[in-house]
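Quick note, the sequences are listed as chains A and B, same order. Counting in my numbering, the first sequence runs from 8 upward without gaps. Counting in my numbering, the second sequence runs from 8 upward without gaps. All residues carry an ideal CB built from backbone N, CA and C; glycine is no exception.
Protein chains: 2
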Amino acid sequence: MTKNDPAQASGRRADILERATEAFVSHGYAGTSMADLARAIGIQKASLYHHFRSKESLFVACVTEGYDGAVRRLEAIRSDDAISDPARIRAAMEEIYRINLTTPVGRMAPLIAEIAATIPEVAQAFHSGFIARHYATVTGMIEDGIARGSFAHVDPLGMQHLIFGPVITLALSREMTASFPDRDALYPVDRIRETHIGLILRLLTGKGSADGS
Amino acid sequence: MTKNDPAQASGRRADILERATEAFVSHGYAGTSMADLARAIGIQKASLYHHFRSKESLFVACVTEGYDGAVRRLEAIRSDDAISDPARIRAAMEEIYRINLTTPVGRMAPLIAEIAATIPEVAQAFHSGFIARHYATVTGMIEDGIARGSFAHVDPLGMQHLIFGPVITLALSREMTASFPDRDALYPVDRIRETHIGLILRLLTGKGSADGS
DNA sequence: GTCTATATTTCGATAGAC
DNA sequence: GTCTATCGAAATATAGAC
């Protein structure tokens, strides 16, 4: 463990972002101090300021550099024309569950809500760069399916909320109950995901009028 | 504005709890200082410590004393046997939307997730006192309807997530976009609620197998 | 029960050696 | 690029007058 290891330094920025994001989503922005972050990363607090000039700029980097891969993967699923429309919706929902339950970016929504009043630009960037694009991709899949005659004439906005809402809330519920011994019994991911996907596909492929107006 | 107004002092505790809850849900636990709270209430910081011996105990009171009314109203809807099963579900969902979008207790979930690691007892109390009871009440309504033959044989756990998920996520999304000029166009509450209720009732009263297994 | 004043700790951020 | 040492501001909490 030398002091100036170049191999460590090269991936340092990515390492900081990864651990900082994990800490921010676990304890909130205000609840995470630079000393906490330095401890989690294993360097001194002053060294953090060599890579990022302030806590806010580090946080902004966590938010704006964390979601690119997630957005691209979902867009790739939409473009995949080797599968049927229902299979595409299933693949998209499995990816949405994966993102929101196993990666930090999926648990960033409460974090953004916390600082939206103080740093509105971050909320804007996260919403237009991640949320809106995720929503638009799924809405597009549904509209594609309707145009091809695979799906009933559902309201895409309503379906969007029915698809994302339970996933984001499940991630929040599991974060909230992380310390409970019976968390997996209270919120069984696999069972909830499969039931959810089944119900969505039933609404999309089912007969009859599906809009609530 | 006298210094020792008894009329003010009598309702002081409730006043503190109300304004503190609003501040906590807006800026998070760590993001809200005792000075912030004192300013919002219009008293001095030291006076807060006359009513609550610490920030943590004030926060615990906000969480544990905030949800009683909400739980009782939803349970009253379940017990109301003057209406049909679908009408009861509709009334319950309208109440769930009202709670989560217009009262602070409905926006407490991210707050609990933030401090769950530091004060696990609060997460336990909130989950068993509010979340679990809200869930159980709705699940009960669905099971009642199935038993009476009003509803199809859906999976109550899956329906529970499909009912609460979109509402809680909508509250979070609107909190996140509170500063956006186009928030009401991005997240139009009335339209989303009506579509949501319509889709849930379609799943509950529709024909065919409804479980995803 | 509310106030002013202050003790004590922790925070974000900087200076300067190596 | 990382470190030790430290600054000034802001945090939680307390002391004691009225």
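**Prompt:** So, does the CB of A:Gly-219 fall closer than 7 Å to a CB anywhere in chain B?
**Reply:** Because the pLDDT of A:Gly-219 is 34, which lies under 50, any placement of that residue in the model is unreliable, and the number read from its coordinates should be weighed accordingly. Judged by the 7 Å Cβ criterion, A:Gly-219 is in contact with chain B.
**Asked** On the three-state DSSP scale, how would you describe B:Pro-93?
**Response** The DSSP-derived three-state label of B:Pro-93 is helix.
**Message:** Let me see if you follow: with CB-CB separation under 7 Å, is A:Arg-26 close to chain B or not?
**Reply:** For A:Arg-26, the answer is no, since every Cβ of chain B falls outside 7 Å of its Cβ.
**Asked** Using a beta-carbon distance below 7 Å, is B:Gly-38 in contact with chain A?
**Response** yes
**Prompt:** In chain order, what residues of the same chain have a beta carbon less than 7 Å from the beta carbon of A:Arg-190, not counting five sequence neighbours either side?
**Reply:** Arg-181, Thr-184
**Item:** Reduced DSSP category for A:Asp-43 - H, G, I as helix; E, B as strand; rest coil
**Value:** Here A:Asp-43 sits in helix by DSSP.
**Prompt:** In whole angstroms, what separates the C-alpha of A:His-57 from that of A:Leu-65?
**Reply:** 11 Å
**Asked** Could you give the residue range of the alpha helix (DSSP H) that holds A:Asp-88?
**Response** No alpha helix (DSSP H) contains A:Asp-88, which DSSP labels as neither H nor E.
**Message:** Can you give me the C-alpha to C-alpha distance between B:Pro-163 and A:Phe-171, rounded to a whole angstrom?
**Reply:** A straight-line Cα-Cα distance of about 19 Å links B:Pro-163 and A:Phe-171.
**Prompt:** CB-CB under 8 Å to B:Leu-55, same chain, minus the five flanking residues each way: which ones, in chain order?
**Reply:** Ile-23, Met-41, Leu-44, Ala-45, Ile-48, Leu-65
**Asked** Can you list the residues of chain B that A:Leu-210 reaches, using a CB-CB cut of under 8 Å?
**Response** Leu-206, Arg-209, Leu-210
**Asked** Under 7 Å between C-beta atoms, does A:Ala-130 make it to chain B?
**Response** yes
**Message:** For a cutoff of 7 Å on Cβ pairs, would you count B:Ser-186 as touching chain A?
**Reply:** yes
**Request:** Would you give the residue range spanned by the alpha helix (DSSP H) that A:Val-67 belongs to?
**Result:** 62-71
**Asked** What residues in its chain sit with their C-beta under 8 Å from that of B:Thr-212, if we drop five residues either side in the sequence?
**Response** Pro-93, Ser-157, Phe-158, Ala-159
**Message:** On a Cα-Cα basis, can you pick out the residue from B:Met-148, B:Thr-144, B:Val-70, B:Arg-60 that is closest to B:Ile-126?
**Reply:** B:Val-70
**Asked** In the structure shown, what three-state DSSP assignment does A:Ile-50 receive?
**Response** Note: A:Ile-50 maps to coil in three-state DSSP.
**Asked** If we cut at 7 Å on Cβ distances, does A:Glu-82 have a partner in chain B?
**Response** no
**Request:** Taking B:Ser-33 as the reference, give the member of B:Glu-121, B:His-134, B:Arg-20 with the closest Cα.
**Result:** Nearest to B:Ser-33 by C-alpha distance, out of B:Glu-121, B:His-134, B:Arg-20, is B:Glu-121.
**Prompt:** Within 7 Å (strictly less), CB to CB, does A:Ile-173 reach chain B?
**Reply:** First, the residue type needs correcting, since residue 173 of chain A is Pro and not Ile in the sequence shown. By this cut-off, A:Pro-173 is an interface position.
**Request:** Check each candidate in B:Ile-175, B:Asp-75, B:Arg-19 and name the one with the smallest Cα separation from B:His-109.
**Result:** The question names His, but residue 109 of chain B is Thr in the sequence shown. Out of B:Ile-175, B:Asp-75, B:Arg-19, B:Ile-175 has the C-alpha closest to the C-alpha of B:Thr-109.
**Request:** For A:Ala-116, count neighbouring Cβ atoms within 10 angstroms of its own Cβ and tell me buried if that reaches 16, exposed if not.
**Result:** buried
**Message:** Excluding the 5 residues flanking A:Ala-123 on each side, which residues of the same chain have their C-beta closer than 7 Å to its C-beta?
**Reply:** Ala-130
**Request:** Would you grab the beta carbon distance between A:Ile-207 and A:Met-100 for me? Rounded to a whole angstrom, and I think it's under 8 Å.
**Result:** Their Cβ separation, rounded to whole angstroms, is 7 Å, which keeps A:Ile-207 and A:Met-100 in contact under 8 Å.
**Prompt:** How big is the Cα-Cα spacing for B:Ser-86 and B:Gly-205?
**Reply:** 22 Å
**Prompt:** Taking the continuous alpha helix (DSSP H) assigned at B:Leu-147, which residues delimit it?
**Reply:** Here residue 147 of chain B turns out to be Gly, not Leu, going by the sequence shown. B:Gly-147 -> alpha helix (DSSP H) spans 139-155.
**Asked** Is any heavy atom of the ligand ZN found at a distance shorter than 6 Å from the C-beta of A:Leu-65?
**Response** What this structure holds is no ligand at all, so the ligand ZN is not there to describe.
**Prompt:** Who are the Cβ neighbours of B:Arg-26 in its own chain at under 6 Å, not counting the five residues just before and after it?
**Reply:** Ala-47, Ile-48
**Message:** Strictly under 7 Å for the Cβ-Cβ distance: is B:Glu-121 near chain A by that measure?
**Reply:** Judged by the 7 Å Cβ criterion, B:Glu-121 is in contact with chain A.
**Item:** Under 7 Å between C-beta atoms of B:Leu-169 and A:Pro-195
**Value:** no
**Asked** Taking the C-alpha atoms as reference points, what is the distance between A:Phe-133 and B:Ile-106?
**Response** Cα-Cα distance, rounded: 27 Å.
**Message:** Does the CB of B:Thr-176 have a neighbour CB from chain A at under 7 Å?
**Reply:** yes
**Item:** Within-7 Å CB hit, A:Ile-199 to chain B
**Value:** yes
**Asked** Which residues in chain A sit within 9 Å of B:Ala-99, going by Cβ to Cβ distance?
**Response** Neighbours of B:Ala-99 on chain A: none; closest Cβ ~16 Å, over 9 Å.
**Asked** By the criterion of Cβ-Cβ separation under 9 Å, what are the contact partners of A:Leu-164 in chain B?
**Response** Pro-195, Arg-198, Ile-199, Thr-202
**Message:** If we define contact as Cβ-Cβ less than 7 Å, is B:Glu-63 a contact residue for chain A?
**Reply:** For B:Glu-63, no Cβ of chain A is located within less than 7 Å of the residue's own Cβ.
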